[in-house]
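Data first, discussion second: the structure below is written as structure tokens.
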Amino acid sequence: MPALLLQILLTPILASVVVFVLRHRIGRFAGWVTSGALLYTTVLVLVAAAAVSRGKVLVEEYRVVAPNSQIPEAIRLGLLADGLSISTLAVVMLLCAALAIYSIRYIERRTEVLYADEDQLGRERHYVRFFYLMPLFPVGFIGTILSTNLIPLYFFMEVLTVSLFFLMAYFGYRERVRIAFISLAWGIIGALLFLAASLLVYDQIGSWDISELSHMKGSPLVTATIFLFLVGLLMKLAIVPFHVWMPPVHAEHPTCIAGLLAVYANLSVYVLIRVVVLPLGSEFQQFGVPLMVLALVTMVYGSLLAMAQTDIKRLAACSTISQIAYSVLGLAALTSSSVQGGMFFFLSHIMGKTVFFSTAGIVVYATGVRDMRQMGGLARRMPVTAALWIVGCMMLSGFPPFSSFTAEWIMFSGIFERGVLSGAFGVVIALVGLAAVLLTVAYSFNAARQIFFGPLNPALEAKDLSDPPLTMTVPLMLIAMVSLILGIFPQTIMNLLHSVLGDI
């Protein structure tokens with residue numbers, strides 16, 4: 001298929017343009033137009049994944065400056081599909097398509113609540129706005145994952161930051177505009193640090209191509225460059241002490257994009273592997289142990305923070321802080337198994353978090369309540385939702401046969417390998433990291449008890465509570481099914497990851 005990777009990038013852009021141009025005519029069909037385009041994009045990604053699984057590496061390059069321009073010719077749009085990028089993109093696009101379908105009814109209800117003082121035409125205008133803004137998220141993901149050049153990579157990271165700002169400002173919850181500016185500020189600062197590191201790279205080797213980054217080895221500025229990359233990306237990962245933006249932003253955004261925000265935060269693990277670990281692994285080793293300690297602190301702190309929450313959305317938001325740190329721990333251990341397992345866990349986590357957080361959204365959608373102390377007994381009225389919450393708990397907690405269990409097994413095997421090589425301190429880090437999994441079990445299943453079991457809260461008795469439409473539940477079931485399949489047949493994705501990460 002000609003220009004396959006460019007088609008993957010342009011299809012969501014085209015969907016956004018079509019919905020925007022036809023916004024006065026398309027009405028409630030906007031959600032289906034966007035969902036259809038993202039489903040088609042997902043199919044294109046699977047076509048590319050099939051080619052890569054047969055041993056091919058897909059590379060496409062396009063000029064982004066005129067021949068006589070003063071801008072360095074090193075800036076060009078390069079797209080790369082190898083085992084690492086295409087496996088990541090396949091899972092990410094599955095979530096984008098599923099959440100677009102989930103959003104069709106969710107945003108309909110959200111606009112009715114937010115813009116109740118406007119007429120039907122006004123609310124419809126806001127509804128359509130969501131579906132021409134939402135495709136910008138997959139555009140940012142696709143560009144970030146496939147880019148072979150640091151400058152386009154920086155650009156697509158900023159696309160994600162700006163997209164989140166507008167979706168937060170228009171469709172978020174409490175103090176949505178203020179919190180949208182918080183997310184914008186943190187995103188821009190992190191991206192600027194990434195850009196500063198990229199400028200150091202160009203100063204040292206005269207290129208922004210990621211494939212040339214290995215030439216930084218031995219450079220007097222290589223440590224400073226890695227440090228800037230690392231700090232900029234740790235801010236996006238919400239690793240302690242850069243975690244303060246995550247609880248308000250992840251708790252107050254429109255819940256239908258919760259899975260996308262989980263990808264937004266976690267994607268920095270992929271970027272770190274691509275621009276630092278693969279080309280500069282030997283130089284990165286000096287940051288390994290400190291990064292493992294930060295990851296461990298974040299895992300425990302995030303879990304304890306989640307256990308203290310009574311707001312269902314804050315619970316899910318704080319759990320993201322903890323869960324992201326697992327992948328960082330695997331990456332920092334710098335063994336082949338830990339890095340591959342960390343990437344596999346990242347993909348498993350974003351699937352589990354999508355199911356978990358989207359189910360929280362269903363509860364708020366149905367009850368209008370966020371305080372878990374005012375719930376209870378909802379399983380009688382909403383059995384499918386209760387089942388989805390339990391499945392989300394199992395996916396986050398690493399219960400077999402979901403993929404998170406297999407990912408944790410592979411990742412912790414590599415972490416213990418590093419621990420044995422590092423002595424007693426390394427073994428302690430590995431053991432505490434493994435024990436932290438129990439905290440995930442504690443806060444997720446305790447929330448299930450509070451929300452879905454016991455007597456129904458009398459305040460909810462009069463409400464017409466029931467499971468939401470199939471457009472909200474079936475996409476989550478599909479994601480859980482994919483996690484189940486990858487847990488039973490992990491070689492489906494591990495072979496792709498190993499083809500790139502096997503020599504670390």
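Read in my numbering, the sequence shown has 89 at position 89, and its numbers run on one by one without any break. We put the CB at the ideal spot given by N, CA and C, even for glycine.
Is the CB-CB distance between ALA333 and MET394 below 8 Å?
no
Residue interval of the alpha helix (DSSP H) (run including GLY27): Unbroken run through GLY27: none, as it is neither H nor E.
* To do: Evaluate LEU438 with the Cβ neighbour count: other Cβ atoms within 10 Å of its Cβ, from every protein chain shown; 16 or more gives buried, anything less gives exposed.
  => exposed
Have a look at PHE405 and ARG105 and give me their C-alpha separation to the nearest angstrom.
-> 32 Å
| Proximity below 8 Å, CB of SER53 to CB of LEU496 | yes
Separation of TYR326 from VAL231, as counted between CA atoms:
17 Å
Residue of THR473, MET246, ASN149 minimising C-alpha distance to LEU79: ASN149
- Message: Whether or not the region 193-205 and the region 160-172 are in contact is what I'm after, with contact meaning three or more pairs of Cβ atoms, one per stretch, closer than 8 Å; do they touch?
- Response: no
Delimiting residues of the beta strand (DSSP E) encompassing TYR62 | 58-63
| Considering only the beta carbon of each residue, do GLY454 and GLY377 sit closer than 8 Å? | yes
- request: Look at the Cβ atom of PHE345, then the Cβ atom of ALA407, and state whether they are nearer than 8 Å.
  value: yes
Can you tell me the Cβ-Cβ gap for PRO400 and GLY487, rounded? I've got them flagged as a contact below 8 Å. 7 Å
- Query: Nearest to MET472 by CA position, among THR255, VAL275, MET375, ALA308, is which residue?
  - Reply: THR255
Spatial neighbours of SER85 in its chain, beta-carbon cut-off 7 Å, leaving aside the 5 residues before and after:
ILE145, LEU146
Task: Integer Cβ distance of ALA317 from HIS250, believed to fall under 8 Å - done: 4 Å
According to DSSP, is LEU38 helix, strand or coil?
-> helix
* To do: Could you say which of ALA197, ILE107, TYR301 lies nearest to MET170 if we only look at CA atoms?
  => The residue asked about is misnamed: residue 170 is Tyr in this sequence, not Met. When each option's Cα is compared against that of TYR170, the closest is ILE107.
key: Residue span of the alpha helix (DSSP H) that contains ARG129, given as start and end   = 120-133
- Residue range of the beta strand (DSSP E) that ALA81 falls in? 76-81
**Prompt:** From which residue to which residue does the alpha helix (DSSP H) around TRP208 run?
**Reply:** Per DSSP, TRP208 belongs to no alpha helix (DSSP H) and is neither H nor E.
*What is the C-beta distance between VAL482 and MET351, in whole angstroms, given that I count them as a contact (C-beta under 8 Å)?*
7 Å
Margin query: Judging by CA-CA distance, which residue of LEU233, GLY143, PHE166 is the nearest neighbour of ARG76?
Written below: GLY143
Problem - N-terminal and C-terminal residue of the alpha helix (DSSP H) that LEU307 is part of - result: With the sequence shown as reference, residue 307 is identified as Met, and Leu is not the correct amino acid for it. MET307 -> alpha helix (DSSP H) spans 288-307.
Collapsed DSSP secondary structure at ASN457 in the structure displayed: coil
Quick one: give me the first and last residue of the alpha helix (DSSP H) that ASN495 is part of.
491-501
*asked:* DSSP three-state label for ASP203, please.
replied: helix
ask   = Taking the alpha carbon of THR42 as the point to measure from, which residue in TYR102, ASN266, PRO138 has its own alpha carbon closest?
value = PRO138
Please check the pair GLU118 and ARG174, which I expect to be a contact at CB under 8 Å, by giving their CB distance rounded to whole angstroms.
-> That pair is no contact at about 20 Å.
Q. Would you say TYR443 and MET299 are within 8 Å of each other, going by their C-beta atoms?
A. no
**Study point:** According to DSSP, residues forming a beta bridge with ASN149
**Key:** ASP209
Check whether the region 25-34 and the region 44-60 are in contact - that is, three or more C-beta pairs closer than 8 Å. no
Q. Which residues share a DSSP beta bridge with ASP311?
A. ASP371
Backbone CA spacing between GLN286 and VAL500 [nearest angstrom]: 22 Å
- Output the distance between the C-alpha atoms of ILE324 and ILE8, rounded to the nearest integer angstrom. 27 Å
Buried versus exposed, by CB contacts within 10 Å (16 or more), LEU121: exposed
- Would you say ARG381 and LEU465 are within 8 Å of each other, going by their C-beta atoms? yes
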